[in-house]
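Enquirer: Start counting the sequence shown at 0; every next residue gets the next number (numbering that gives the first Met the number 0).
Every residue gets a Cβ at the ideal spot worked out from N, C-alpha and C, and that includes glycine.
All of these numbers come straight from a predicted model, not from anything done at the bench.
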Amino acid sequence: MSGSGNRSPIVIEGVEEEVSRRGDPDYERKRAEAVWNGLKPERFPELIVRVASAEEIPQVLAHAREQGLRVSMRSGGHHWSGSQLREGALLLDLSRLQHCDVDPDSSTAVVGPAVTGRTLGAELARHRLAFPLGHSPAVALGGYLLSGGLGWNSRELGPACSYVEEIEAVTADGRTVRCSENENPDLFWAARGAGPGFFAVATRFKLRLLPHPGSIMSVSFTFPLSEADPVGNWALHTALERPPNIEVSLVLTAAARGVSGPGPRLRIAASAFAPSRQEAADALAPLANCPFASRAVDSESPHPTTFRDLYGGRAATWPPEQRYAVDTLWSPEPYETQLARSAHLIDRAPSPDSYVLVPVEPVAPDPDGLRHMAFSDLGSSYLTAFAVWDDPADDEANTRWLRQGMDALDPQGIGSHYIGEADLGAGSSRARRSFTPADWEQLRLLRERWDPTGLFEGYLTP
Ligand SMILES: Cc1cc2nc3c(=O)[nH]c(=O)nc-3n(C[C@H](O)[C@H](O)[C@H](O)COP(=O)(O)OP(=O)(O)OC[C@H]3O[C@@H](n4cnc5c(N)ncnc54)[C@H](O)[C@@H]3O)c2cc1C
Numbered sequence: 000m001s002g003s004g005n006r007s008p009i010v011i012e013g014v015e016e017e018v019s020r021r022g023d024p025d026y027e028r029k030r031a032e033a034v035w036n037g038l039k040p041e042r043f044p045e046l047i048v049r050v051a052s053a054e055e056i057p058q059v060l061a062h063a064r065e066q067g068l069r070v071s072m073r074s075g076g077h078h079w080s081g082s083q084l085r086e087g088a089l090l091l092d093l094s095r096l097q098h099c100d101v102d103p104d105s106s107t108a109v110v111g112p113a114v115t116g117r118t119l120g121a122e123l124a125r126h127r128l129a130f131p132l133g134h135s136p137a138v139a140l141g142g143y144l145l146s147g148g149l150g151w152n153s154r155e156l157g158p159a160c161s162y163v164e165e166i167e168a169v170t171a172d173g174r175t176v177r178c179s180e181n182e183n184p185d186l187f188w189a190a191r192g193a194g195p196g197f198f199a200v201a202t203r204f205k206l207r208l209l210p211h212p213g214s215i216m217s218v219s220f221t222f223p224l225s226e227a228d229p230v231g232n233w234a235l236h237t238a239l240e241r242p243p244n245i246e247v248s249l250v251l252t253a254a255a256r257g258v259s260g261p262g263p264r265l266r267i268a269a270s271a272f273a274p275s276r277q278e279a280a281d282a283l284a285p286l287a288n289c290p291f292a293s294r295a296v297d298s299e300s301p302h303p304t305t306f307r308d309l310y311g312g313r314a315a316t317w318p319p320e321q322r323y324a325v326d327t328l329w330s331p332e333p334y335e336t337q338l339a340r341s342a343h344l345i346d347r348a349p350s351p352d353s354y355v356l357v358p359v360e361p362v363a364p365d366p367d368g369l370r371h372m373a374f375s376d377l378g379s380s381y382l383t384a385f386a387v388w389d390d391p392a393d394d395e396a397n398t399r400w401l402r403q404g405m406d407a408l409d410p411q412g413i414g415s416h417y418i419g420e421a422d423l424g425a426g427s428s429r430a431r432r433s434f435t436p437a438d439w440e441q442l443r444l445l446r447e448r449w450d451p452t453g454l455f456e457g458y459l460t461p
């Protein structure tokens, strides 16, 4: 960019790396790298500062204060709306905070915010331990845990943030604090669900780990989408009657992704996490004995699998070079209603790569378990809609499809959202409607307390 050659570099005392400023030669590369999505928001931070360790963060926050800049944070850069990129802000890049220590004796792990599910998952497999990691291996734990975290087997285990025992964070005044049930419990409450509106920099998470399931087994069937009723409804009923250690999802695709034959499809996939292979097979049996199996265009009979294989399958679902717009809906309406609406929506998708994912009860309804955290499960049914395309010329058509589609899925405007995957640019109320009114008010009060001058960016709005 013009003029950048004559500028002296910005150095923040105590910070190892050079700061990148808007207009610098490496700025656009760093800005693009901060967002995993191929669709890069047109928002331009003033400065991008990558820290080598948590100890550098207070100096960066002091610099932002001196310069009158607000601060946004980035761990893995996977937020679909690119919440981490804010116009005119200082982007604090935490991607080097990748320490990952698993202690098998105490069944705990201490991880940095940029550790990915792939890294922690591989460590856990070595020790026969488990954690409700997110479905994509590439997602970092920072934003995932702060949002709640709907992971593998979370229908049984609950959101991933329930297993966070302690968090270390740098607050707006530059202090490093710990929060847990006993220490700064209000900050701890917020850190488990506030997601991309959290008002401190989380630098370390202590996690409680779980025993590795003795057996994981999976089964799947793929049907033409025209079979959504009755096959989809049968799958929903059967899944809802299964014990919570069965994770079932229905995926409605505009075209066939990796399955035989052209045309829209309904894929039903189920995995059981059980102490033994027999128990996993028994748990899956009612789904495996699908009465509509003869109409399937593709199927996999029950087979043993691993977290690594499950991850591999999902990684293929989200190629990093594609453009994505994503939104979520917790609805008070039943799954059957949302399945029929989703089938109608997917029929009109402008891109063959788009799909609607309907996970059956992504977290088991357990109001008691969720009382001590900002995360809440806000509906009887849940779904995530993905607009996925390649060509920048199609940005508007695909974004419009998603946004009009979400209105069609929630015609009375009574649904809510999951903050970790909500389309925050869709409306100024998206973030608010990701929380109960009481929790939203509590978050506002806590933000005033912990960040009284508004140093940190709040929730992204259009
Ligand atoms: C391919 C893919 C698959 C996904 N699968 C799942 C899934 O299975 N389950 C699920 O629950 N979610 C899933 N997500 C959503 C994902 O968990 C969230 O988008 C999450 O925010 C990503 O974490 P991140 O660290 O990359 O966030 P980033 O994009 O780096 O940051 C997003 C926002 O989080 C806040 N933030 C991030 N790190 C910190 C920090 N250390 N301190 C303070 N604030 C911070 C900031 O406000 C920032 O704006 C998926 C996303 C993708 C792209």
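#1: Checking the sheet assignment: what are the DSSP bridge partners for Y205?
#2: From what residue to what residue does the beta strand (DSSP E) around H302 run?
#3: Under a Cβ-count criterion, where at least 16 other Cβ atoms within 10 Å of its own Cβ denotes burial, should N288 be classed as buried or exposed?
#4: Going by the CB atoms, is the gap between V355 and L382 shorter than 8 Å?
#5: Helix or strand or just coil, what does DSSP make of T435?
#6: Sort V70, A280, V250, L408 by Cα distance to P331 and report the nearest one.
#7: Please state the DSSP three-state secondary structure of M216.
#8: Do you know offhand how far A121's Cα is from V34's?
#9: Mapping DSSP to helix, strand and coil, what is E456?
#10: Please classify P184: is it buried, with 16 or more other beta-carbons within 10 angstroms of its beta-carbon, or exposed?
#11: Going by DSSP in three states, F198 sits in which element: helix, strand or coil?
#12: Run the CB neighbour count on V200, radius 10 Å, all protein chains shown included, and call it buried at 16 or more, exposed below.
#13: Quick one: give me the first and last residue of the beta strand (DSSP E) that F187 is part of.
#14: Does ligand 1 have even one heavy atom less than 7 Å from the beta-carbon of Y310?
#15: Let me know if E447 comes out buried or exposed under the rule of 16 or more other beta-carbons within 10 Å of its beta-carbon.
#16: Are there any heavy atoms of ligand 1 lying less than 7 Å away from the beta-carbon of A71, as far as the coordinates show?
#17: How about G111 and L96: are their beta carbons less than 8 Å apart?
#18: When you compare the stretch 337-349 with the stretch 129-149, are there three or more beta-carbon pairs, one atom per stretch, that lie closer than 8 Å?
#19: Quick check on S463: does DSSP put it in helix, strand or coil?
#20: Hey, quick one: how far does the alpha helix (DSSP H) through S153 stretch, first residue to last?
#21: Taking 7 Å as the line, does the beta carbon of G87 fall inside it for any heavy atom of ligand 1?
#22: My guess is that V101 and T115 are in contact by the Cβ rule of under 8 Å, so how many angstroms apart are they, rounded?
#23: Is it buried or exposed, V247, if we count other Cβ atoms within 10 angstroms and call 16 or more buried?
#24: Report back the beta-carbon spacing between D104 and R49 to the nearest angstrom; my notes put them in contact at under 8 Å.
#25: Determine whether the beta carbon atoms of R85 and R125 lie at a separation below 8 Å.
#26: Helix, strand or coil, according to DSSP, for D326 in the structure here?
#27: Helix, strand or coil for E335? Go by DSSP, reduced to three states.
Expert: Once the coordinates are examined:
#1: Here residue 205 is Lys; the residue named in the question, Tyr, does not match the sequence. Secondary-structure assignment with DSSP links K205 through a beta bridge to V109, E165.
#2: Unbroken beta strand (DSSP E) run through H302: 297-304.
#3: exposed
#4: Contact: yes.
#5: coil
#6: L408
#7: strand
#8: 24 Å
#9: coil
#10: exposed
#11: coil
#12: buried
#13: From DSSP, F187 is part of no beta strand (DSSP E) but of the alpha helix (DSSP H) over 184-190.
#14: Y310: no, Cβ never under 7 Å from ligand 1.
#15: In this structure E447 is exposed. Its beta-carbon is surrounded by fewer than 16 other beta-carbon atoms within 10 angstroms.
#16: Contrary to the premise, residue 71 reads as Ser rather than Ala in this sequence. Yes, Cβ of S71 sits closer than 7 Å to a heavy atom of ligand 1.
#17: G111 places its beta carbon less than 8 Å from that of L96.
#18: These segments do not touch.
#19: Nothing in the structure corresponds to residue 463, since the chain is present only between 0 and 461.
#20: Here the alpha helix (DSSP H) through S153 covers 153-156.
#21: False, no ligand heavy atom lies under 7 Å from that Cβ.
#22: Going by Cβ atoms, the distance from V101 to T115 rounds to 14 Å, so no, they are not a contact pair.
#23: buried
#24: Between R49 and D104 the Cβ distance is about 34 Å, and since that is not below 8 Å, they are no contact.
#25: no
#26: strand
#27: helix
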